[in-house]
Every structure is written in structure tokens, then in C-alpha cells.
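Undergrad: From first to last, the protein sequence lines are chains A and B.
Just so you know, we're using our numbering here: the first sequence kicks off at 10 and counts up by one.
Just so you know, we're using our numbering here: the second sequence kicks off at 2 and counts up by one.
Even glycine gets a Cβ: it sits at the ideal position worked out from N, Cα and C.
Quick caveat, the model's predicted, so the values are computed rather than measured.
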Amino acid sequence: NAGVMQNPRHLVRRRGQEARLRCSPMKGHSHVYWYRQLPEEGLKFMVYLQKENIIDESGMPKERFSAEFPKEGPSILRIQQVVRGDSAAYFCASSPTGENTEAFFGQGTRLTVV
Amino acid sequence: KQEVTQIPAALSVPEGENLVLNCSFTDSAIYNLQWFRQDPGKGLTSLLLIQSSQREQTSGRLNASLDKSSGRSTLYIAASQPGDSATYLCAVKWMDSSYKLIFGSGTRLLVRP
């Protein structure tokens with residue numbers, strides 16, 4: 010059973026471009042969480058999704074950021090018109106259910122905006 | 002506000018020492034607490050998961066305890082090794098937080114040979 014797969018591992022974008030980060034949860038997991046880690050800082054929750062539904066997006070910036078988890082395929086975190094402040098490591102986690110289950114994290118996508 | 006605090010922020014010990022990392026959290030209405038390890042530039046590795054009904058969990062040289070009433074958890078590492086050097090993160094899943102994990106800022110551990 011492969012772990013949580015994120016790609017790309019590294020992504021470089023120029024200011025104003027779009028960044029698309031993908032996350033494939035572990036097999037059998039229907040809950041996906043996205044976190045952002047700024048340099049030398051902790052992990053900050055962004056959004057929690059189940060298949061085809063956004064459950065909690067309280068940590069998402071109001072503009073330029075969106076996330077989806079379609080019925081088929083990976084979860085996507087999309088950042089439009091990237092700025093230097095978006096440079097960070099973005100981590101995805103998955104779990105089989107919500108309440109008492111263990112969350113497993115991917116290796117992250119390191120976004121650099123130049 | 003639901004917060005997780007980890008003390009100390011950094012710790013340096015000689016190889017072979019037993020050590021304790023601390024995690025405290027506001028509001029005892031939790032589902033579970035999870036300890037992770039993060040190596041520089043890498044992802045998070047889950048170490049131990051403690052459900053709210055449990056007092057402790059053990060895995061090899063690691064032992065995590067949970068005192069929900071006081072809002073505290075400790076991660077005990079026995080006979081530390083240089084390979085244990087990493088950042089250790091504590092994360093809490095509260096009952097009214099839509100199942101998301103809230104992280105502390107971590108303890109950066111260095112085990113000197």
C-alpha cells in the first residue's frame with residue numbers, strides 16, 4: 010500500500026503564474042487535508058476535503074487559493090497568480106475516516122516563487 | 002482558541018540520554034493526539050497516535066503519554082541516538098474542529114555523538 014503521494018516534489022513558478030499541487034491519498038482513504046509550512050515555521054491547516062466536498066476551508070486564504078478532491082483522481086491545491094509570499098512547503102495528509110484514525114502525510118511539494 | 006504548545010523549542014543532548022519532550026493543549030475535548038517526526042526538508046512521519054481514552058502508547062524506544070484532564074502529553078525517548086535528531090511535532094484533533102489536526106511549533110532535537 011503506497012503512502013500519500015504528492016507531486017511535484019519541487020515546483021518553481023514566476024510571480025503571476027499558477028501553481029497546481031497534486032495529492033493522491035493512501036488507498037482506502039477518503040479524507041484529505043492540506044497544510045502549509047513556511048520557512049522555519051510550523052504547519053498551518055489550510056483545508057479539509059472528502060470526496061467531492063470541501064468540509065473545512067477555514068485556513069485557506071480568501072483569494073487565489075482553491076482546492077478540490079474529485080470523485081476520480083487526486084486532490085488538487087491550486088494557487089493562482091502566485092506571489093513570493095506563497096513560497097513554502099505544502100503538505101497533504103490522508104486518513105480513512107475523520108474521528109479517531111491516524112493521519113498520514115506525504116513528502117510535500119516545495120513551491121518557490123521567483 | 003484551540004492551541005498546541007511545545008516546550009522546549011530546541012534541545013541538545015549527548016548520545017545515550019533519556020529525554021522527554023512536552024506538549025500542552027487547550028481544551029480537553031479531543032479525539033486523539035499524534036506525535037510526528039520531521040527531518041530537514043522532508044515530510045512528516047507518524048510516530049504514535051494516542052486516542053482520548055488511552056493513557057499511553059509505546060513503539061520501540063518511544064513512549065507517549067496523555068493526560069487529557071491537564072491538557073498534556075509527553076514523548077519519552079529512551080537511550081537517544083544521533084539518528085533521532087529531527088524536529089518532533091505534536092498535533093491534536095479536537096472534537097469540534099472538523100477532524101483537522103492542529104500542530105504545535107515543534108521541538109528541534111539534536112543528539113550529539
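Can you give me the C-alpha to C-alpha distance between residue 16 of chain A and residue 56 of chain A, rounded to a whole angstrom?
TA: Looking up residue 16 of chain A in the first sequence gives position 7. Looking up residue 56 of chain A in the first sequence gives position 47. The alpha-carbon atoms of residue 16 of chain A and residue 56 of chain A are separated by roughly 18 Å.
Undergrad: Is it buried or exposed, residue 62 of chain A, if we count other Cβ atoms within 10 angstroms and call 16 or more buried?
TA: As a working note, residue 62 of chain A is residue 53 in the first sequence. With fewer than 16 Cβ atoms within 10 Å of its Cβ, residue 62 of chain A is classed as exposed.
Undergrad: Chain B partners of residue 109 of chain A, CB-CB under 7 Å?
TA: Locating residue 109 of chain A in the first sequence gives position 100, counting from the first residue. Simply 32, 33, 52.
Undergrad: Run down chain B in chain order and give the residues with a C-beta less than 9 Å from the C-beta of residue 11 of chain A.
TA: Here residue 11 of chain A refers to the residue found at position 2 of the first sequence. Simply none; closest approach about 14 Å.
Undergrad: My output table needs one value for residue 93 of chain A: the three-state DSSP class, helix, strand or coil.
TA: Position 84 of the first sequence, counted from the first residue, corresponds to residue 93 of chain A. Three-state result, residue 93 of chain A: helix.
Undergrad: When burial is assigned at 16 or more other CB atoms within 10 Å of the CB, is residue 45 of chain A buried or exposed?
TA: On the first sequence, position 36 is the one that residue 45 of chain A refers to. The residue in question, residue 45 of chain A, is buried, as its Cβ has 16 or more Cβ neighbours within 10 Å.
Undergrad: To which residues of the same chain is residue 17 of chain B closer than 7 Å at the C-beta, ignoring the five residues directly before and after it?
TA: Sequence index remark: in the second sequence, residue 17 of chain B carries index 16 (1-based). These residues qualify, in order along the chain: 80, 81.
Undergrad: Looking at the C-beta of residue 45 of chain B, does it have a partner C-beta in chain A at a distance below 8 Å?
TA: Here residue 45 of chain B is taken as the residue at index 44 of the second sequence, counted from 1. So, interface residue.
Undergrad: So with Cβ pairs under 8 Å, would you call residue 106 of chain B a contact of chain A?
TA: Position 105 of the second sequence, counting from 1, holds the residue named residue 106 of chain B. Yes, residue 106 of chain B lies at the interface with chain A (some Cβ there is under 8 Å from its Cβ).
Undergrad: Any beta-carbon of chain A closer than 8 Å to the one on residue 86 of chain B?
TA: As a working note, residue 86 of chain B is residue 85 in the second sequence. At a cut-off of 8 Å between C-beta atoms, residue 86 of chain B does not count as an interface residue with respect to chain A.
Undergrad: Would you kindly work out how many angstroms separate the C-alpha atoms of residue 121 of chain A and residue 44 of chain B, rounded to a whole number?
TA: As a position in the first sequence, residue 121 of chain A is number 112, starting the count at 1. As a position in the second sequence, residue 44 of chain B is number 43, starting the count at 1. Computed Cα separation, rounded: 17 Å.
Undergrad: Please go through the same chain and pick out, in chain order, the residues whose beta-carbon is closer than 6 Å to the beta-carbon of residue 92 of chain B, but skip the five residues on each side of it.
TA: Counted from its first residue, the second sequence places residue 92 of chain B at position 91. Only 35, 102, 104 meet the Cβ criterion.
Undergrad: Excluding the five sequence neighbours on either side, which residues of its own chain have a C-beta within less than 7 Å of the C-beta of residue 24 of chain A, listed in chain order?
TA: Start at 1 with the first residue of the first sequence, and residue 24 of chain A comes out as number 15. Closer than 7 Å at the Cβ level, and outside the excluded window around residue 24 of chain A, lie 91, 92, 93, 122.
Undergrad: Mapping DSSP to helix, strand and coil, what is residue 83 of chain B?
TA: As a first step, residue 83 of chain B is located in the second sequence; it is residue number 82 there, counting from the start. Of the three classes helix, strand and coil, the one that applies to residue 83 of chain B here is helix, per DSSP.
Undergrad: Enumerate in chain order the residues of its own chain whose CB-to-CB distance from residue 69 of chain B is below 8 Å, with the five nearest sequence positions on each side excluded.
TA: Walking along the second sequence from the start, residue 69 of chain B turns up at place 68. Within the same chain, residue 69 of chain B has close Cβ partners 29, 31, 53.
Undergrad: Could you tell me the alpha carbon to alpha carbon distance between residue 72 of chain A and residue 72 of chain B, rounded to whole angstroms?
TA: Here residue 72 of chain A is taken as the residue at index 63 of the first sequence, counted from 1. Here residue 72 of chain B is taken as the residue at index 71 of the second sequence, counted from 1. If you take the alpha carbons of residue 72 of chain A and residue 72 of chain B, they lie about 35 Å apart.
Undergrad: Rounded to whole angstroms, what is the Cα-Cα separation between residue 2 of chain B and residue 27 of chain B?
TA: Translated into positions along the second sequence, residue 2 of chain B becomes position 1. Translated into positions along the second sequence, residue 27 of chain B becomes position 26. Rounded to the nearest angstrom, the two C-alpha atoms are 8 Å apart.
Undergrad: Can you check which of these residues, B/33, B/8, B/37, is closest to residue 23 of chain B by C-alpha distance?
TA: Walking along the second sequence from the start, residue 23 of chain B turns up at place 22. Closest option to residue 23 of chain B, Cα to Cα, is B/8.
Undergrad: Looking at the C-beta of residue 99 of chain B, does it have a partner C-beta in chain A at a distance below 8 Å?
TA: Here residue 99 of chain B refers to the residue found at position 98 when the second sequence is read from its first residue. Chain A contact via Cβ: present.
Undergrad: How would you list, in chain order, the residues of chain B whose beta-carbon sits under 8 Å from the beta-carbon of residue 57 of chain A?
TA: For the purposes of this step, residue 57 of chain A is taken as residue 48 along the first sequence, with counting starting at 1. Against chain B, the beta carbon of residue 57 of chain A has neighbours under 8 Å at 99, 100, 101, listed in chain order.
Undergrad: Measuring alpha carbon to alpha carbon, tell me which of B/107, B/95, B/76 ends up nearest residue 88 of chain B.
TA: Residue mapping note: residue 88 of chain B aligns to position 87 of the second sequence, counting from 1. It is B/107.
Undergrad: In terms of alpha-carbon separation, which member of B/10, B/99, B/15 lies closest to residue 49 of chain A?
TA: For the purposes of this step, residue 49 of chain A is taken as residue 40 along the first sequence, with counting starting at 1. Considering only alpha carbons, the answer is B/10.
Undergrad: What's the gap between the Cα of residue 113 of chain B and the Cα of residue 38 of chain B?
TA: As a working note, residue 113 of chain B is residue 112 in the second sequence. As a working note, residue 38 of chain B is residue 37 in the second sequence. Those two C-alpha atoms are separated by around 18 Å.
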